[in-house]
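For the sequence shown, position 318 (counting from the first letter as 1) is numbered 318 according to the UniProt record's numbering, and the numbering increases by one without interruption.
Built from N, CA and C at the ideal position, the CB exists for glycine as well.
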Amino acid sequence: MKELKHLNKYFYKYKWHLIGGIFITIIARVFALVTPRYIGESTSAIERWVNGEVTSEAALRSELMTNILIILGATLLAGLFTFLMRQAIIVVSRHIEYDLKNEVFQKYQELSLNFYKKNRTGDLMNRISEDVSKVRMYAGPAFMYSIQTGILFIVVIPYMFLQAPELTLYVIAPLPILSFAIYKLSVAINKKSTIVQQYLSKLNTFTQESFSGISVIKSYGLEPQTGASFVTLSNENKEKNIDLVKVQAFFFPLMVLLIGASNILVIYIGGKKFISGEIAELGIIVEFLLYVNMLTWPVATVGWVTSIVQQAAASQKRINEFLKEVPQIQNPSTTPEDVQGSIAFKNVTFTYEDTNITALKNVGFEVESGETLAIIGKTGSGKSTILELIGRLYDVEQGEISIDGKDIKTMNLKELRESIGYVPQDAFLFSDSIRNNIKFGKADATDEEIITAAKNAAVHRNIEGFSKGYDTVLGERGITLSGGQKQRVSIARAIVHDPKILLFDDSLSAVDTETEEEILNNLFRISKNKTTIIVSHRISSVKNADKIIILEDGQVVQRGTHQQLLNTEGYYRELYLKQLSEKEM
């Protein structure tokens with residue numbers, strides 16, 4: 001239950017709605033009490049007429065008609081206030097659900113890349129959807145029925161004591177037994193609910209990965225094996241849910257038994273007292289039966305509410321695990337930054353936490369504002385790591401990275417990243433229109449700016465060839481486009497932003513040499529006053545750079561201009577001669 005304390009701030013935020021809902025609940029319950037009372041009085045009136053105490057049939061009819069009208073009026077008012085109660089409290093639960101989902105999503109955005117390497121997408125989605133939905137049930141229906149039950153007991157039980165104290169004690173006698181049984185079952189439900197949510201996360205993760213990798217599954221003909229694995233996971237999930245349902249199934253039979261026992265006690269004990277004269281009117285017994293049945297649903301909801309609360313506590317615990325996660329990358333400043341773009345690495349060493357692989361070892365270089373640096377090296381040499389460190393997606397453990405002479409750990413993180421246009425190696429596009437994918441780099445970009453960026457990325461003609469042009473909606477991760485088209489749209493997204501620093505991570509690997517030449521000419525033209533870093537495996541992509549560094553096993557083994565490196569024995573010259581011979585072939 002302590003995990004649910006996290007929601008107290010939301011209850012406080014909407015306190016006036018909830019207080020209004022509680023006040024309306026009290027009114028609704030008071031009107032609901034009218035029905036048993038006047039039915040009891042009507043029964044007593046008929047009893048008096050049967051016994052000859054009232055001889056006027058007209059007077060009896062008048063009294064019964066008056067009681068019927070009062071019952072109808074009270075029932076309608078009770079129904080109206082019950083509707084208003086649900087509007088007040090259930091609507092608040094939807095607001096809390098909205099706020100909590102936004103809080104979780106905002107936290108997801110703040111967390112560093114290491115977090116996403118340790119946690120699976122399916123589990124993240126399950127916590128923001130299924131877990132939050134279970135918490136909403138606690139903030140809405142569970143809260144509402146708890147208040148309703150509490151008020152009903154506060155109003156009904158004292159009135160019953162006034163009517164027949166001893167009979168009331170017999171009626172409520174089974175309730176302590178019910179409370180003890182609920183406590184024992186709740187403990188079991190809490191444990192099993194946690195397990196159910198964990199298995200649901202596994203199932204969601206497997207499903208998400210299968211759909212994302214459906215092309216690989218189909219290419220290798222792995223549909224039967226994937227289906228079999230899904231069936232295994234589904235069966236495990238089903239078994240855990242059945243275990244939970246078996247425990248929950250004890251609630252209602254137990255409550256029906258205890259409520260039935262209360263009815264029997266009312267009839268038996270009340271009947272004996274009526275015969276002995278301790279209860280003067282038969283209407284009191286009828287009234288008590290109605291009160292017992294009025295308490296039936298609220299008492300029955302105790303088990304249901306308890307189950308909801310336990311499931312919500314288990315879900316909120318899973319949510320809190322991520323909400324309590326501290327981002328490794330903190331924003332140290334809110335001071336505006338005027339980024340010019342000069343970059344310096346000073347003896348930088350970096351090790352990936354999740355794999356313990358040292359990607360960079362004592363790396364140092366400088367790029368002046370407006371210069372172009374090219375980085376070449378074998379796969380795994382640390383090229384992409386340099387670009388990620390410039391955007392401060394990770395923090396280095398040794399050495400220093402500075403921009404304009406300032407350690408990036410001291411810079412305004414938001415403005416640092418806004419000054420960078422980054423094209424990753426794996427071009428990621430959203431399931432949205434091409435126009436909006438390019439505008440992702442600049443939300444207020446005009447159509448003219450979007451088209452100019454697309455032309456500079458040599459993708460405008462391709463886009464115009466689509467039936468809906470820039471309004472063409474892409475499939476998930478941009479699957480509608482070819483690899484080269486995705487890379488070029490990603491480049492357009494980076495340059496429309498007009499940043500001070502441009503980072504290209506092997507972003508021309510999927511385009512032909514002719515298109516590559518066109519894009520490079522455009523990039524060198526538009527990046528004259530920008531700091532540009534190009535990672536590539538092609539000499540043609542880097543030959544015009546102001547500076548070139550060669551990485552091997554995380555270390556800088558060569559540096560210089562294109563001509564200087566050609567005149568020096570080493571990896572760069574070997575790669576140049578190899579690519580030259582391949583081109584001639």
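How many Å lie between residue i and residue j at the Cα?
i, j, result
"Asn102", "Val396", "31 Å"
"Gly341", "Met411", "13 Å"
"Ile548", "Leu566", "11 Å"
"residue 586", "Ala445", "What the structure shows of the chain is the stretch from 1 to 585, and residue 586 is not part of that stretch, so it cannot be assessed."
"Asn544", "Phe211", "42 Å"
"Gln311", "Leu244", "10 Å"
"Lys202", "Lys240", "13 Å"
"Lys409", "Ala344", "13 Å"
"Lys273", "Leu167", "9 Å"
"His497", "Leu523", "14 Å"
"Ile401", "Asn8", "43 Å"
"Tyr14", "Val92", "7 Å"
"Phe143", "Ile89", "8 Å"
"Lys378", "Gln425", "14 Å"
"Gly271", "Ala181", "30 Å"
"His95", "Lys5", "17 Å"
"Phe440", "Gln109", "16 Å"
"Arg461", "Ile376", "30 Å"
"Gly399", "Ser384", "18 Å"
"Thr232", "Val473", "36 Å"
"Thr349", "Leu393", "15 Å"
"Thr513", "Asn114", "36 Å"
"Leu508", "Thr226", "34 Å"
Beta-carbon within less than 6 Å of residue i's beta-carbon, same chain only, minus the 5 sequence neighbours each way: which residues are those?
i, result
"Gly570", "Gln558"
"Glu476", "Ser431"
"Lys117", "Asp354"
"Gly382", "Ala359, Leu360, Leu551, Gly554"
"Glu47", "Leu282"
Restricting to Cα atoms, I'd like to know which of the options is closest to residue i.
i, options, result
"Ala313", "His460, Ile195, Gly271", "Ile195"
"Glu97", "Phe11, Glu41, Phe83, Arg48", "Phe11"
"Val556", "Asp404, Tyr268, Phe365", "Phe365"
"Ile386", "Ser44, Leu360, Lys409, Thr43", "Leu360"
"Gly421", "His460, Leu481, Arg493, Phe466", "Arg493"
"Phe288", "Gly554, Ile501, Gly40, Arg29", "Gly40"
"Ser333", "Ile376, Leu577, Lys406", "Lys406"
"Lys107", "Gln328, Leu523, Leu577, Ile403", "Gln328"
"Val459", "Gly484, Val473, Ile479, Gly441", "Gly484"
"Val50", "Met85, Glu281, Ile89, Asn362", "Glu281"
"Val30", "Ile154, Ser133, Lys15", "Ile154"
"Pro141", "Ile438, Ile264, Thr82", "Thr82"
"Glu418", "Val363, Gly391, Phe322", "Gly391"
"Ala453", "Glu514, Thr480, Val489, Ala164", "Val489"
"Leu76", "Ile27, Leu393, Gly52", "Ile27"
"Ile534", "Pro298, Ile501, Ala374, Val423", "Ala374"
"Leu200", "Asp123, Trp304, Gly227", "Asp123"
"Leu254", "Pro158, Val302, Ala457, Ser507", "Val302"
"Val135", "Phe115, Val305, Met294", "Val305"
"Thr335", "Ile376, Glu415, Ser276, Tyr394", "Glu415"
"Tyr38", "Glu514, Asn331, Phe105, Leu290", "Leu290"
"Lys455", "Asp506, Ile403, Asn521", "Asn521"
Cutting at 7 Å between CB atoms, please list the residues of its own chain near residue i, excluding the five before and the five after it.
i, result
"Ser262", "Val171, Pro174, Val292"
"Val34", "Ile70, Ile71, Ala74"
"Ser42", "Leu64, Asn67"
"Arg120", "Thr205"
"Glu3", "Ala313, Gln316, Lys317, Asn320"
"Asp471", "Ser433, Arg435"
"residue 600", "Any answer about residue 600 is impossible in this case: the structure gives the chain only from 1 up to 585."
"Asp99", "Tyr10"
If residue i sits next to residue j, beta carbons under 8 Å apart, how far is it from one beta carbon to the other, in whole angstroms?
i, j, result
"Leu111", "Glu448", "Actually they are not in contact, since the Cβ atoms of Leu111 and Glu448 sit about 37 Å apart, beyond 8 Å."
"Leu429", "Lys468", "Not confirmed; about 16 Å, so no contact."
"Ile519", "Ile491", "7 Å"
"Ala164", "Ile279", "6 Å"
"Val423", "Leu503", "7 Å"
"Ser32", "Ala78", "The displayed chain sequence assigns Ala, not Ser, to residue 32. Right, the Cβ-Cβ distance comes to about 5 Å (below 8 Å), so this counts as a contact."
Tell me, please, whether the CB atom of residue i is closer than 9 Å to any CB atom in chain C?
i, result
"Lys439", "Of the protein chains in the structure, only one exists, and it is not chain C."
Between residue i and the rest of its own chain, which residues show a CB-CB distance below 8 Å, the 5 nearest in sequence each way excluded?
i, result
"Val247", "Leu185, Ala188, Ile189, Lys192"
"Glu223", "Ile217"
Tell me, please, whether the segment 62-71 touches the segment 121-139 by the rule of three or more beta-carbon pairs shorter than 8 Å.
-> no
The segment 213-222 / the segment 336-350 touching (three or more Cβ pairs under 8 Å) | Cβ pair count under 8 Å is below three, so no.
The segment 233-240 contacting the segment 142-151, beta-carbon criterion three pairs below 8 Å = no
Inter-stretch contact at 8 Å, needing at least 3 Cβ pairs: the segment 516-535 / the segment 368-376 | yes
Is there contact here, the segment 17-24 with the segment 256-270, by at least three beta-carbon pairs under 8 Å?
-> no
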